[in-house]
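A.B. asks:
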Ligand SMILES: [Zn+2]
Ligand SMILES: [Zn+2]
């Protein structure tokens with residue numbers, strides 16, 4: 186009957202890497218124990234420690250994440266591409282706190298539209314610094330606490346599609362000797 190709820194943030198960031206045991210009841214009131222694993226960076230939960238470890242390694246909230254998309258770009262677009270440290274990309278973005286507004290008499294906050302404008306201003310140089318890696322741009326936005334939809338002119342989905350197109354083209358060129 187009892188089910189341990191999500192651990193507190195403090196606990197998740199602790200040394201046990203967010204592993205807790207949750208008891209789940211079925212209709213016959215038998216208790217089944219399952220392990221739950223939480224990502225230390227974004228709080229995403231899962232039932233497999235292997236999947237969660239791999240997620241954490243690449244999680245966009247992890248300041249030392251390993252970027253798989255950068256590797257794809259290196260293979261398909263530019264073998265000399267050297268990824269920029271994420272902290273440098275985060276530092277290019279505006280301070281979200283400056284655009285935070287509160288509804289009167291509540292603790293509910295929202296962002297001023299000025300944040301979108303400030304992001305739009307730095308987006309081209311941010312993209313260039315990130316070597317046009319959409320995963321690095323997204324990670325920088327999230328780590329700067331800027332909601333991704335506020336970054337007008339940035340579509341993770343469209344930019345990934347363009348990388349996949351380049352990968353397919355590079356592969357075709359390898360297989361068929363290019364387009365000469
Ligand atoms: Zn995560
Ligand atoms: Zn990247």
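In the working numbering, the protein residues as written are 186 to 365.
Using N, Cα and C, we set each Cβ at its ideal position, and we do this for glycine too.
#1: Alpha carbons only, please: which of 234, 258, 275 is nearest the one belonging to residue 247?
#2: What residues come near ligand 3, if near means a beta carbon less than 6 Å from any of its heavy atoms?
#3: Can you give the Cα-Cα distance for residue 297 and residue 291, rounded to whole angstroms?
#4: Using three-state DSSP, classify residue 333 as helix, strand or coil.
#5: Any contact of the region 325-335 with the region 345-359, i.e. 3+ C-beta pairs under 8 Å?
#6: Spatial neighbours of residue 294 within its chain, please: C-beta separation below 6 Å, excluding the five flanking residues on both sides.
#7: What are the partner residues of residue 285, as DSSP defines its beta bridges?
#8: Just to check my reading of the structure: residue 366 and residue 224 have Cβ atoms closer than 8 Å, yes? What is that Cβ distance to the nearest angstrom?
#9: Helix, strand or coil, according to DSSP, for residue 231 in the structure here?
#10: Can you grab the Cα-Cα spacing for the pair residue 281 / residue 243, in whole Å?
#11: Would you give the residue range spanned by the alpha helix (DSSP H) that residue 271 belongs to?
#12: Evaluate residue 214 with the Cβ neighbour count: other Cβ atoms within 10 Å of its Cβ, from every protein chain shown; 16 or more gives buried, anything less gives exposed.
#13: What's the gap between the Cα of residue 311 and the Cα of residue 216?
#14: Applying the 10 Å Cβ sphere with the 16-neighbour rule, what's the burial state of residue 232?
C.D. replies: The structure says:
#1: Numbered from 1 along the chain shown, position 62 holds the residue referred to as residue 247. For the residues 234, 258, 275, the minimum Cα distance to residue 247 belongs to 275.
#2: This structure lacks ligand 3; its bound ligands are ligand 1 and ligand 2.
#3: Position 112 of the chain shown holds residue 297. Position 106 of the chain shown holds residue 291. If you take the alpha carbons of residue 297 and residue 291, they lie about 16 Å apart.
#4: On the chain shown, residue 333 is found 148 positions in, with the first residue counted as 1. If DSSP states are grouped into helix, strand and coil, residue 333 belongs with the helices.
#5: No contact exists between the region 325-335 and the region 345-359.
#6: Looking up residue 294 in the chain shown gives position 109. So the qualifying residues of the chain are 285, 287.
#7: The residue you call residue 285 lines up with position 100 of the chain shown. Answer is 296.
#8: This structure cannot settle anything about residue 366, because the visible part of the chain is limited to 186 through 365.
#9: In the chain shown, the residue the question calls residue 231 occupies position 46. Correct three-state label for residue 231: strand.
#10: Along the chain shown, read from residue 1 onward, the residue named residue 281 stands at position 96. Along the chain shown, read from residue 1 onward, the residue named residue 243 stands at position 58. Near 24 Å, if we compare the C-alpha coordinates of residue 243 and residue 281.
#11: To locate residue 271, count along the chain shown from 1; it is residue 86. Annotation: the continuous alpha helix (DSSP H) that includes residue 271 extends over 271-277.
#12: By 1-based counting over the chain shown, the position of residue 214 is 29. It is exposed - the Cβ of residue 214 has fewer than 16 other Cβ atoms within 10 Å.
#13: Residue 311 sits at position 126 when you count from the first residue of the chain shown. Residue 216 sits at position 31 when you count from the first residue of the chain shown. Their backbone Cα atoms lie some 51 Å apart in a straight line.
#14: Numbered from its first residue, the chain shown carries residue 232 at position 47. Exposed, since its Cβ has fewer than 16 Cβ neighbours within 10 Å.
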